[in-house]
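Quick mapping for you: the protein sequence lines, in order, are chains U and Y. Per our numbering: the first sequence ends with 218, consecutive numbering throughout. Per our numbering: the second sequence ends with 1271, consecutive numbering throughout. C-beta: ideal position from N, C-alpha, C; glycine also.
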Amino acid sequence: MTNTLHRQGARQDLTHDYIIFVHTANGKNREGSAEKIREFMRICEKYHPVNMGDVKQGSMHQDDIAFDGLLRTMGDGTVGAAVFTDLDTLRQVVEELIRADLGICINITGLLDEVRECCRKAGITRHSAEHSLGVWGAKDRLPEREILEFNTMCGHGMVSFNLIRKMIEQVRLRRMTSKQAARMLAKCCECGAFNPARAEALFEQVRERGFLYSERSC
Amino acid sequence: MDIDTTKCVGCGNCHVICTMGVISLDADGKSVVNQDECVECGTCYRVLRSEGYRAWFVRAVRKVLFLFKLGYLADADLCPTGALTPPDLTWPRILRAQFSNPTVVHPGTGVPGRGTDEIKSNEVTGRLRAGEAGLVIEIGRPGIGAFFRDVQTVAMALAPLEPVFEPENPVTLLFEDLKTGRMKEEILNEKVLSAIIELKIRLEKIPAFLRALEKVQHQIDTVISVGVASRCLPDGAIPHEEWVRKAGYPLSSNGKTNLGLGRPLFREDEP
């Protein structure tokens, strides 16, 4: 699905938000792909992503998910994902994936010009690309921009507006640290696409400057 | 989702976790789910760990604390008594889980959740070829949800422009008539976290489709996240950018990139 496509935020925040994920196609490269997806996950894990997961098993921030167990139970066609916060690391991951020549489909969500440059440095030309054209329709039903910046990091919509509000409140009252609140949000995201490092930085921002007076727009 | 009222102690943790915000307290102080608005995403059940306490014990502890004007601040990811109970879903309500719970593999696509392969495997499927654009119109996202009647309204506005509805998309499978965009009657009042209408069109038709979407967007009481995709040119340029700009719409700075590492590669001369 388009679960990583519509992430919102300022460009300087998005420079710390890159999701690399694997996909396979039925009848093409899905059959027998489990070991290749495991290898993809092993390569990503070497570079210390801030989140990793498999939509069928859950993410590394959930209480009962360990990396070895996650790998063991991965099957053909599952969608593994890892989140990185800088372009240099992402480029190293891409280079290692090119060398590994797994034959499964690899995608990256992030700033398109930066990802293109990353591909160029790694010696490849991107195959296809997708843009978001933003949110349309009844936008007056949406909450503040900051809440959407957290919420859209889980494109499956598993992180509720109410939970984000509560976590902001807990952080501002110093009942939770930004790190704890970010991990709480990351637990809700099943596929591992949520970026807890960026969430932690966003919590720090809203603690310092507040958020209730921001514009209700996308 | 159901809540076992013999176990619920009304702590309210599930109210906050609920993606649709449709759990509230009843007059007896027990949590209840608004079944019309619940999308069966299962987030409350998955995220809230059961502490396994008996309800009488939790209530007694609270009463004692209350006597001493003390409170207990529980972690946000706990259900003290394990009161949340996933129901057995039947047609058409089962659609709610298929479109809203990403851990459920959709029977029509073989992919978990409400999505499809779209450009994610384009180098091996050739789903979008040179000169074509993919439009992904996700109704209900972010965070508001949508009824299939909303999806039908949008589909009926776009169908006269004669797009190719992606055949393996879970929404396409629910159309009664692809030419009009009419959906099966019995599903119209089912609510989901979001549903994606996925179309394939010629690049030059992008402005016409965006204009049609512009008109219909205010006829539904929910939000729509719109995406556009295409196969890159040999130098890596993105051909749909020009057409979206011509139509007068801004493009996001971030987006999705298929690196083209899948094998076997699709050839443009394949049928």
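Taking one beta carbon from each stretch, the region 1113 to 1132 of chain Y and the region 1051 to 1058 of chain Y have fewer than 3 pairs nearer than 8 Å; the two do not touch. With a contact defined as Cβ atoms closer than 8 Å, V1164 of chain Y and I1197 of chain Y miss out at about 12 Å. The beta-bridge partner set that DSSP reports for Y18 of chain U consists of U:F84.
Per DSSP, the continuous beta strand (DSSP E) segment holding T109 of chain U begins and ends at 105 to 111.
The contact set of C1232 of chain Y on chain U, defined by CB atoms closer than 8 Å, consists of T125, R126, H127, S128, A129 in chain order.
Taking C-beta separations shorter than 8 Å and ignoring five residues to either side along the sequence, the partners of T177 of chain U in its chain run V171, following chain order. When the beta-carbon positions are compared, Q12 of chain U and L148 of chain U stay at least 9 Å from each other. Counting the other Cβ atoms within 10 Å of the Cβ of S160 of chain U gives 16 or more, which makes it buried. Between the region 116 to 127 of chain U and the region 188 to 203 of chain U there are fewer than three inter-stretch CB-CB distances shorter than 8 Å, so the stretches are not counted as touching. Segment contact: the region 182 to 194 of chain U against the region 49 to 63 of chain U, three or more CB-CB distances shorter than 8 Å; contact assigned. The C-beta of R1202 of chain Y has fewer than 16 other C-beta atoms within 10 Å across all chains shown, which makes the residue exposed. Residue state for T78 of chain U is assigned as coil, using DSSP reduced to three classes. Under a criterion of Cβ atoms nearer than 9 Å, the residues of chain Y adjacent to D63 of chain U are, in order, R1049, D1077. Within chain Y, no residue has its beta carbon less than 9 Å from that of A199 of chain U; the closest one is some 15 Å off.
Using a C-beta cut-off of 8 Å, the region 1096 to 1109 of chain Y makes contact with the region 1165 to 1185 of chain Y, since at least three inter-stretch Cβ pairs fall below that distance. Annotation: Y1053 of chain Y has no Cβ neighbours in chain U at a cutoff of 7 Å; minimum Cβ distance is about 18 Å. Judged by DSSP secondary structure, G1236 of chain Y falls outside any alpha helix (DSSP H); it is assigned neither H nor E. One finds S128 in chain U with Cβ atoms closer than 8 Å to the Cβ of L1128 of chain Y, taken in chain order. When C-alpha distances from M1156 of chain Y are compared across Y:E1138, Y:M1001, Y:F1175, the shortest belongs to Y:F1175.
At a beta-carbon threshold of 7 Å, the residues of chain Y lying near V115 of chain U are T1257, ordered along the chain. In the three-state reduction of the DSSP assignment, L1203 of chain Y falls in the helix class, which pools H, G and I. Residues of chain U whose Cβ lies closer than 9 Å to the Cβ of D1088 of chain Y do not exist; the shortest such Cβ separation is about 21 Å. With a 10 Å radius around the Cβ and a threshold of 16 neighbouring Cβ atoms, Q1035 of chain Y comes out exposed. Among the residues facing chain Y, R72 of chain U is not included, as its CB has no counterpart in that chain under 9 Å away. According to the DSSP assignment, I164 of chain U belongs to the alpha helix (DSSP H) that extends over 161 to 172.
When C-alpha distances from E45 of chain U are compared across U:F21, U:S132, U:D140, the shortest belongs to U:F21. According to the DSSP assignment, D1150 of chain Y belongs to no beta strand (DSSP E) but to the alpha helix (DSSP H) extending over 1148 to 1158.
Contact check for S1230 of chain Y and S128 of chain U: beta-carbon distance about 7 Å, within the 8 Å limit, so the pair qualifies.
When C-alpha distances from G110 of chain U are compared across U:L185, U:G53, U:M153, the shortest belongs to U:M153. If only complete runs of 3 or more residues are kept, the region 183 to 215 of chain U shows no beta strand (DSSP E) anywhere. Secondary-structure assignment with DSSP links D54 of chain U through a beta bridge to U:G58, U:G80. Contacts with chain U at 9 Å (Cβ-Cβ) include L1210 of chain Y. Secondary structure note for I1139 of chain Y: its beta strand (DSSP E) is the uninterrupted segment 1132 to 1139. With respect to N3 of chain U, P1142 of chain Y sits apart: the two C-beta atoms are not nearer than 9 Å. For V50 of chain U, the number of other beta carbons within 10 angstroms of its own is at least 16, and it is reported as buried. Secondary structure of F1066 of chain Y (DSSP, three-state): helix.
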